[in-house]
Amino acid sequence: MEDEFQALQSTGTWDLVPFHPSLNLLDVSNAFLHGTLKEDVYMVQPPGFVDQSKPQHVCKLNRLFIKNDSTITFILVYVDDIIITGSSSTVCQSIIAQLQTMFPVKDLSDIHYFIGIEVHRSTKDLFMHQSKYALDLLKKTDMIGVKPCSIPIGSAKLDHSGSHFFDPTFYRSTVRALQYLTWTWPNLAFAVNKVCQYMHSPRTIHSQAVKRILRYLKGTLDSGLWFTKGPQYLTTWFNADWAGCPVDRRSTSDYCVFLGLNLISWSAKKQCTVAQLSIEAEYRSLANTATELNWVCKVLQDISFHILKTLAIFCDNKSAIALAFNPVFHARTKHVEIDYHYIREKVLCGKVSVHHVASLFQLADIFTKSLPSDLFAELTSMLSVSSSHFSLRGCVRNIIGPSTSSVCD
């Protein structure tokens, strides 16, 4: 199945060259010397860069800064931590030296740990994981000694039945932590989306679902997300689980966006309204996917990254594909006309192409439904989520038992 998946995505060979761009982590000392700033920070538009259509607007400060001349450099700022990367190590070091003349900045050299995410690099790829964060969560929830399971969510339907969970604050805290873990465990997105829907009044069955996710984490602590240098094109899988929620009968939309074979964006989210037909649920999911692709393309354009091929979207619903190409509406689909015009415009101008994929190869299923363990494992590997071949720092095999691979201390 994985061979067919790669064939759908790629028409050429990988360009595996040394993966060694500069990637430095800086720490700014005394960042909160004058107290904690809780408010959003805004600034007036800089002279010479005023938006003529919105001259009275102000700018909300973002955290990504780009320097683009003969080389390109990116600066990502999160509170008092800074990541600097770019095409030239010399230019990156020059910027670091300039910052050090103005601020008390400590250069921590090559990045290894940033806001709970650990990073390992080789000459060909980059591996991101949250083993330490996950291990801390297992300790906090007293789940360090549980027996692992092979999938994070079972077939049981979650609803509002059963008794109330005795500690809703603990439930919400745990679920929020699981949300953060989906940064490097995208295969958890569907399960976490489900338990997030009951934050206001959790029941015992919801607590049991959370424990199952934690049991899955116990068995996959050394897993993470892989990134490898490769082709410059985008492909996307999307799906919709029509009327899948037993409580309000709303559908779940999902998509996953790949740059080459690297997963860069994904989502599992309930639709805002009830879909009367399965084609409506699928088509709205298609429109949401096209919107996400449009945003990804704008981000890539901002960083001077050129997409070499038409954006490809894969779907296993032939009716939704036909509607994207067919300009004729009928009574069954007239209420989705706004979404239709958006995706139809993208298809007509050649910016997006929509293709059918057999349900067997529908990668987006992992974000939409509970799957058998063997299929779940296969789709997980196709998301580039797998164990590390790196030697992780500070192994603590004994603390979590023999059934789990090594994790970071």
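Take any residue in the sequence shown, count from 1 to its spot, add 1: that is its number in our numbering. All residues carry an ideal CB built from backbone N, CA and C; glycine is no exception. If you're wondering where the values come from, they're calculated on a predicted model, not measured in any experiment.
Can residue i and residue j be called in contact, C-beta distance under 8 Å?
i: residue 241; j: residue 269; result: no
i: residue 266; j: residue 258; result: yes
i: residue 207; j: residue 166; result: yes
i: residue 123; j: residue 226; result: no
i: residue 110; j: residue 119; result: no
i: residue 344; j: residue 287; result: yes
i: residue 389; j: residue 113; result: no
i: residue 347; j: residue 311; result: no
i: residue 76; j: residue 85; result: yes
i: residue 195; j: residue 159; result: yes
i: residue 411; j: residue 200; result: No answer is possible for residue 411: the residues shown for the chain start at 2 and end at 410.
i: residue 205; j: residue 163; result: yes
i: residue 362; j: residue 290; result: no
i: residue 116; j: residue 108; result: no
Quick check: what's the CA-CA separation for residue i versus residue j?
i: residue 23; j: residue 90; result: 5 Å
i: residue 129; j: residue 79; result: 18 Å
i: residue 70; j: residue 88; result: 11 Å
i: residue 93; j: residue 82; result: 16 Å
i: residue 153; j: residue 215; result: 8 Å
i: residue 256; j: residue 161; result: 27 Å
i: residue 174; j: residue 303; result: 36 Å
i: residue 231; j: residue 28; result: 31 Å
i: residue 307; j: residue 193; result: 34 Å
i: residue 293; j: residue 235; result: 12 Å
i: residue 277; j: residue 248; result: 16 Å
i: residue 47; j: residue 379; result: 50 Å
i: residue 147; j: residue 218; result: 10 Å
i: residue 369; j: residue 65; result: 32 Å
i: residue 100; j: residue 106; result: 7 Å
i: residue 169; j: residue 191; result: 21 Å
i: residue 284; j: residue 245; result: 16 Å
i: residue 202; j: residue 387; result: 34 Å
i: residue 102; j: residue 142; result: 45 Å
Can you find the residues in the same chain that come closer than 6 Å, C-beta to C-beta, to residue i, ignoring five residues on each side of it along the sequence?
i: residue 320; result: 280
i: residue 138; result: 178
i: residue 229; result: 126
i: residue 402; result: Any reading at residue 402 is ruled out, since the residue's pLDDT is 40, under 50, leaving its predicted position unreliable.
i: residue 355; result: 314, 322 and 325
i: residue 374; result: 151 and 152
i: residue 376; result: none
Is it right to say residue i is buried, meaning 16 or more other beta carbons lie within 10 angstroms of its own, or is it exposed?
i: residue 250; result: exposed
i: residue 45; result: exposed
i: residue 189; result: buried
i: residue 237; result: buried
i: residue 223; result: buried
i: residue 272; result: buried
i: residue 243; result: buried
i: residue 95; result: exposed
i: residue 300; result: exposed
i: residue 54; result: exposed
i: residue 254; result: buried
i: residue 296; result: exposed
i: residue 26; result: buried
Give me, in chain order, the residues of the same chain whose beta-carbon lies closer than 7 Å to that of residue i; leave out the 5 immediate sequence neighbours on both sides.
i: residue 359; result: 317
i: residue 156; result: 371
i: residue 41; result: 61
i: residue 104; result: 29
Does the ligand HEM have even one heavy atom less than 7 Å from the beta-carbon of residue i?
i: residue 203; result: For the structure depicted, the ligand HEM is absent and the ligand set is empty, with no information on it obtainable.
Using DSSP with H/G/I as helix, E/B as strand and the rest coil, what is residue i?
i: residue 71; result: coil
i: residue 122; result: strand
i: residue 251; result: coil
i: residue 245; result: coil
i: residue 111; result: strand
i: residue 96; result: helix
i: residue 160; result: coil
i: residue 147; result: coil
i: residue 208; result: helix
i: residue 411; result: Nothing can be reported for residue 411, as the shown portion of the chain is limited to 2 through 410.
i: residue 184; result: coil
i: residue 288; result: helix
i: residue 82; result: strand
i: residue 316; result: strand
i: residue 326; result: helix
i: residue 257; result: strand
i: residue 225; result: strand
i: residue 344; result: helix
i: residue 87; result: strand
Closer than 8 Å by C-beta to residue i: which residues in its own chain qualify, once you throw out the five before and the five after it? Chain order, please.
i: residue 274; result: 251
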